[in-house]
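Residue 90 is where the sequence shown starts when you use this note's numbering, and the numbers rise one by one after that.
By construction, the Cβ of each residue, glycine as well, lies at the ideal position given by its N, Cα and C atoms.
Note that this is a predicted model, so its numbers are computed, not measured.
Comments concern the structure below.
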Amino acid sequence: MNLPAQKKILLAGLFHETHTFLSQKTGMDQFRETGINIGQDIISRNQGNGSPMDGFLSYAEENDWQIIPTIQMAASPSGTVTDEVYNYFTNHFFKILERECHSIDGVYLVLHGAMVCESYDDVEGTLLREIRKRLTAKGIDIPVVAVIDLHANVSYDMVEFSTCMYSYRKNPHSDAREAAVEAAKRLDVSMAQRVCISQHHLPTQYVVPPTGLSTAADPMKSVLKHARMLETKDPDLLCINVMGGYAYADITDCGFSLNCCTRGDEAVAKGYLDELLEVFEQHLADVYPIESSLDEALEHIDREKRPNGPVLLIEPADNIGGGTPGDGTGILGPLLIMRRKNIIAVINDPESAMRCNKAGVGSKIELMVGAKTDLHHGQPVPIKAEILHLSDGKFELENKQSHLASMMGSHIEMGPCAVIVNEQATILLTSLKIPPMDLGQLHSQGIYPKNGDLVIVKAAVSHKDAYDPIAAASYYVDSAGLCTSNLLSLPYKKLKGKQISAR
Ligand SMILES: [Zn+2]
Numbered sequence: 090m091n092l093p094a095q096k097k098i099l100l101a102g103l104f105h106e107t108h109t110f111l112s113q114k115t116g117m118d119q120f121r122e123t124g125i126n127i128g129q130d131i132i133s134r135n136q137g138n139g140s141p142m143d144g145f146l147s148y149a150e151e152n153d154w155q156i157i158p159t160i161q162m163a164a165s166p167s168g169t170v171t172d173e174v175y176n177y178f179t180n181h182f183f184k185i186l187e188r189e190c191h192s193i194d195g196v197y198l199v200l201h202g203a204m205v206c207e208s209y210d211d212v213e214g215t216l217l218r219e220i221r222k223r224l225t226a227k228g229i230d231i232p233v234v235a236v237i238d239l240h241a242n243v244s245y246d247m248v249e250f251s252t253c254m255y256s257y258r259k260n261p262h263s264d265a266r267e268a269a270v271e272a273a274k275r276l277d278v279s280m281a282q283r284v285c286i287s288q289h290h291l292p293t294q295y296v297v298p299p300t301g302l303s304t305a306a307d308p309m310k311s312v313l314k315h316a317r318m319l320e321t322k323d324p325d326l327l328c329i330n331v332m333g334g335y336a337y338a339d340i341t342d343c344g345f346s347l348n349c350c351t352r353g354d355e356a357v358a359k360g361y362l363d364e365l366l367e368v369f370e371q372h373l374a375d376v377y378p379i380e381s382s383l384d385e386a387l388e389h390i391d392r393e394k395r396p397n398g399p400v401l402l403i404e405p406a407d408n409i410g411g412g413t414p415g416d417g418t419g420i421l422g423p424l425l426i427m428r429r430k431n432i433i434a435v436i437n438d439p440e441s442a443m444r445c446n447k448a449g450v451g452s453k454i455e456l457m458v459g460a461k462t463d464l465h466h467g468q469p470v471p472i473k474a475e476i477l478h479l480s481d482g483k484f485e486l487e488n489k490q491s492h493l494a495s496m497m498g499s500h501i502e503m504g505p506c507a508v509i510v511n512e513q514a515t516i517l518l519t520s521l522k523i524p525p526m527d528l529g530q531l532h533s534q535g536i537y538p539k540n541g542d543l544v545i546v547k548a549a550v551s552h553k554d555a556y557d558p559i560a561a562a563s564y565y566v567d568s569a570g571l572c573t574s575n576l577l578s579l580p581y582k583k584l585k586g587k588q589i590s591a592r
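Below, the structure written as structure tokens:
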């Protein structure tokens, strides 16, 4: 009896959510912070870390696939990526693709889907087009499958030049690893049934702020529910992807979109996408979550009789997971002036963290904290405090299904850190910005947010799995910052025909 031949898969990862309104570019140094993995390092550094790459590797192992690992590059959400980064990736990747293309059965990519570099507004579409071009030039027709983030700004090129894309279904992205496994299953199917698979894309005019894209709330909740119903009903469907999009990219493909992959009839598939858009439009009013001014939120907090537990002051305008610097003082500054007490905050401020590390634990120090990256995130705040704790900023995720695992795996590095404390606040100063998606970030530094009164959280939705369970209440506070939910305040130039959502 002949055993089926072992499948050979070319593997790569390119992951960045690009905020094009930030003035600072994202270069090789930022990608090196998260780690650039080449060849076998992709396997050894991802196995068991809860990331999408880990999901693919486990599926490949179970199915005895031979993997040709090429290159994996990722960086925290931030400004436009330099061409040097894209060229570094493609130089490695295409060298190996050219070498291996005659012997591989498929290509698997871990992508974000909202990456912009200096020369290309649609990095993923450009990459997929180039892969297909090179394969076709050699007469090779193999599937190219990608797992993508729910916040991807999907383009026609991404859909046309990939065989199947499979996106996360949850926000916070607790299912990123699982989605990668599902994408690998679609690769398996595609390798067997390549000829009859087609993808369809429905871009829309809607650009939605991240705060409106929680999958526990409408419109995403209802649209995803309907999509799952269609997937269950129609066995021809390989998947339907509901793409929230990423609003802070001034590119023509920005915004909410729908796509699907099917073995069945094209017209039927397109009909599904139209149906889903109708569901989205029925819930359009819900894409504007309520945000208060800080004064309104505090007035409400002071009036309410709450059970024990901290109140979260969510600061979406400095949403680290959305790309902003994480050094905004739009909430911390006024709270300190108002003489509020028992505040807990994290501010990314390498300069202050360094000064604390030089001064030593137990020293008293005077700092100007935060707002050093640009002029959009408040003013530096004067703070006199005692240095309570110093560390190298390394921690392991407490929840391996944390949104953070989708971006960085389970081992996280914040760079040299300091915890400073005074009669008003406990503040963690970091050297690398890390979004507040896992309580291990604070617990590892001896900070217990459940004991605070006012906890500032620089996020939109991705904090919810970690922070909502410890919170007595939660308020979205409108402050200054480039991840503002007020999209109308941003200087878009390329959103022709798009409708920017604003309350
Ligand atoms: Zn995302």
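7 angstroms Cβ shell around residue 116 - same chain, five flanking residues per side excluded = Locating residue 116 in the sequence shown gives position 27, where the first residue counts as 1. For residue 116, where only same-chain residues beyond five positions count, the Cβ hits under 7 angstroms are 171, 173 and 174.
ask   = Excluding the five sequence neighbours on either side, which residues of its own chain have a C-beta within less than 6 angstroms of the C-beta of residue 386, listed in chain order?
value = The count along the sequence shown starts at 1 and reaches residue 386 at position 297. Excluding residues within five positions, the ones whose Cβ falls inside 6 angstroms are 564 and 566.
message = I need the straight-line Cα distance from residue 491 to residue 306, nearest angstrom please.
response = To locate residue 491, count along the sequence shown from 1; it is residue 402. To locate residue 306, count along the sequence shown from 1; it is residue 217. Roughly 19 angstroms between the two C-alpha positions.
query = So does residue 238 have its beta carbon nearer than 7 angstroms to some heavy atom of ligand 1?
reply = Here the question's residue 238 lines up with position 149 in the sequence shown. Yes, the beta carbon of residue 238 sits closer than 7 angstroms to at least one heavy atom of ligand 1.
task = Going by DSSP, name the residue or residues bridged to residue 330.
result = Residue mapping note: residue 330 aligns to position 241 of the sequence shown, counting from 1. DSSP, once it has assigned bridges, lists 348 as partnering residue 330.
key: Completely contained beta strand (DSSP E) runs for the region 226-279, where each covers 3 or more residues   = 233-237 and 253-256
query = Roughly how many angstroms separate the alpha carbons of residue 276 and residue 255, rounded to a whole number?
reply = By one-based count along the sequence shown, residue 276 stands at place 187. By one-based count along the sequence shown, residue 255 stands at place 166. Residue 276 and residue 255: Cα-Cα distance of roughly 10 angstroms.
Residue 422, enclosing beta strand (DSSP E) - first and last residue = For the purposes of this step, residue 422 is taken as the residue at position 333 of the sequence shown. Element bounds for residue 422: not the beta strand (DSSP E) but the alpha helix (DSSP H), 421-426.
ask   = How do the region 497-516 and the region 259-277 stand: do at least 3 beta-carbon pairs fall below 8 angstroms, yes or no?
value = no
query = If we ignore side chains and look at the alpha-carbon of each, how far apart do residue 673 and residue 541 end up?
reply = The requested residue 673 does not occur in the structure, where the chain is confined to residues 90 to 592.
key: Neighbourhood of residue 501 by C-beta, 8 angstroms cutoff - its chain only, sequence neighbours within 5 removed   = For the purposes of this step, residue 501 is taken as residue 412 along the sequence shown, with counting starting at 1. Correct list, in chain order: 483, 484, 485, 486, 493, 523, 527, 529 and 530.
query = Can the beta-carbon of residue 383 be found less than 8 angstroms from the beta-carbon of residue 420?
reply = Here residue 383 refers to the residue found at position 294 of the sequence shown. Here residue 420 refers to the residue found at position 331 of the sequence shown. Cβ distance < 8 angstroms, so residue 383 and residue 420 count as in contact.
Cβ of residue 219 within 8 angstroms of any chain C Cβ = Looking at the structure shown, chain C is missing, and only one protein chain is on hand.
request  = Please find out if some non-hydrogen atom of ligand 1 comes closer than 7 angstroms to the beta-carbon of residue 108.
outcome  = The residue you call residue 108 lines up with position 19 of the sequence shown. Because no heavy atom of ligand 1 lies under 7 angstroms away, the Cβ of residue 108 does not count as near it: no.
ask   = How about the region 457-474 and the region 220-240: do they share at least three Cβ pairs that are nearer than 8 angstroms?
value = no
query = Regarding residue 500 and ligand 1, is the C-beta to nearest heavy atom distance less than 7 angstroms?
reply = Position 411 of the sequence shown holds residue 500. Flag unset: Cβ of residue 500 not near ligand 1.
request  = Indicate, with yes or no, if ligand 1 has a heavy atom lying under 7 angstroms from the CB of residue 552.
outcome  = Within the sequence shown, numbered from 1, the residue matching residue 552 stands at position 463. Checking the Cβ of residue 552 against ligand 1 gives no.
request  = Specify the secondary structure class of residue 606 as computed by DSSP and reduced to three states.
outcome  = With the chain covering 90 to 592 only, the question about residue 606 has no answer from this structure.
query = Can the beta-carbon of residue 164 be found less than 8 angstroms from the beta-carbon of residue 123?
reply = On the sequence shown, residue 164 is found 75 positions in, with the first residue counted as 1. On the sequence shown, residue 123 is found 34 positions in, with the first residue counted as 1. Going by C-beta atoms, residue 164 is nearer than 8 angstroms to residue 123.
task = Can you give me the Cβ contacts of residue 294 inside the same chain, cut-off strictly under 8 angstroms, excluding the 5 residues immediately before and after it?
result = Locating residue 294 in the sequence shown gives position 205, counting from the first residue. Counting only Cβ-Cβ distances below 8 angstroms, and skipping sequence neighbours, we find 344, 586, 587 and 588.
inquiry  = Considering only DSSP beta bridges, list what residue 362 is partnered with.
reply    = Numbered from its first residue, the sequence shown carries residue 362 at position 273. Paired residues: none, contrary to the question.
Own chain residues within Cβ distance below 7 angstroms of residue 561, not counting five before or after = Taking the first residue of the sequence shown as position 1, residue 561 is located at position 472. Same-chain partners within the cutoff: 395, 396, 397, 398, 399 and 400.
ask   = So is residue 215 buried or exposed if we call it buried at 16+ other beta carbons inside 10 Å?
value = Along the sequence shown, one-based indexing puts residue 215 at 126. Label assigned to residue 215: buried.
ask   = Does the Cβ of residue 105 lie closer than 7 angstroms to at least one heavy atom of ligand 1?
value = Taking the first residue of the sequence shown as 1, we reach residue 105 at position 16. No, since every heavy atom of ligand 1 falls outside the 7 angstroms radius drawn around the Cβ of residue 105.
task = Determine the DSSP secondary structure at residue 485, reduced to helix, strand or coil.
result = Taking the sequence shown and counting its residues from 1, the one referred to as residue 485 is at position 396. Of the three classes helix, strand and coil, the one that applies to residue 485 here is strand, per DSSP.
inquiry  = Classify residue 159: buried if its beta carbon has 16 or more other beta carbons within 10 angstroms, exposed otherwise.
reply    = Counting from 1 along the sequence shown, the entry for residue 159 is found at position 70. Residue 159 should be labelled buried.
key: Whole-number beta carbon distance between residue 319 and residue 309, since they are thought to touch under 8 angstroms   = For the purposes of this step, residue 309 is taken as the residue at position 220 of the sequence shown. For the purposes of this step, residue 319 is taken as the residue at position 230 of the sequence shown. Not confirmed; about 15 angstroms, so no contact.
ask   = Say the cut is 7 angstroms; is the CB of residue 262 nearer than that to a heavy atom of ligand 3?
value = This structure simply doesn't include ligand 3; it includes ligand 1 instead.
ask   = For the candidate residues 280, 393, 168 and 568, whose alpha-carbon lies nearest to that of residue 98?
value = As a position in the sequence shown, residue 98 is number 9, starting the count at 1. Closest by alpha carbon: 280.
Supposed close pair residue 336, residue 576 - CB separation, criterion 8 angstroms = In the sequence shown, counting from the first residue as 1, residue 336 sits at position 247. In the sequence shown, counting from the first residue as 1, residue 576 sits at position 487. The pair is a contact, with the Cβ atoms about 6 angstroms apart (cut-off 8 angstroms).
task = Measure from the alpha carbon of residue 468 to the alpha carbon of each residue in 495, 438 and 489, then state which is nearest.
result = Position 379 of the sequence shown holds residue 468. Of the candidates 495, 438 and 489, the one whose C-alpha sits nearest the C-alpha of residue 468 is 438.
For residue 131, the nearest candidate out of 146, 259, 118 and 139 (CA to CA) = Within the sequence shown, the letter at position 42 stands for residue 131. Nearest C-alpha to residue 131: 146.
message = Tell me the residue span of the alpha helix (DSSP H) that contains residue 147.
response = Counting from one through the sequence shown, the residue named residue 147 turns up at place 58. 141-151 is the span of the alpha helix (DSSP H), which, as asked, contains residue 147.
message = Let me check one thing: in DSSP terms, what residues is residue 43 bridge-paired to?
response = With the chain represented from 90 up to 592, any question about residue 43 goes unanswered, as that position is not in the structure.
query = If you draw a straight line from the alpha carbon of residue 128 to that of residue 100, how long is it in whole angstroms?
reply = As a first step, residue 128 is located in the sequence shown; it is residue number 39 there, counting from the start. As a first step, residue 100 is located in the sequence shown; it is residue number 11 there, counting from the start. When rounded, the distance between both Cα atoms is 9 angstroms.
ask   = Thinking C-beta only, is residue 290 closer than 8 angstroms to residue 381?
value = Sequence index remark: in the sequence shown, residue 381 carries index 292 (1-based). Sequence index remark: in the sequence shown, residue 290 carries index 201 (1-based). No. Outside cutoff.
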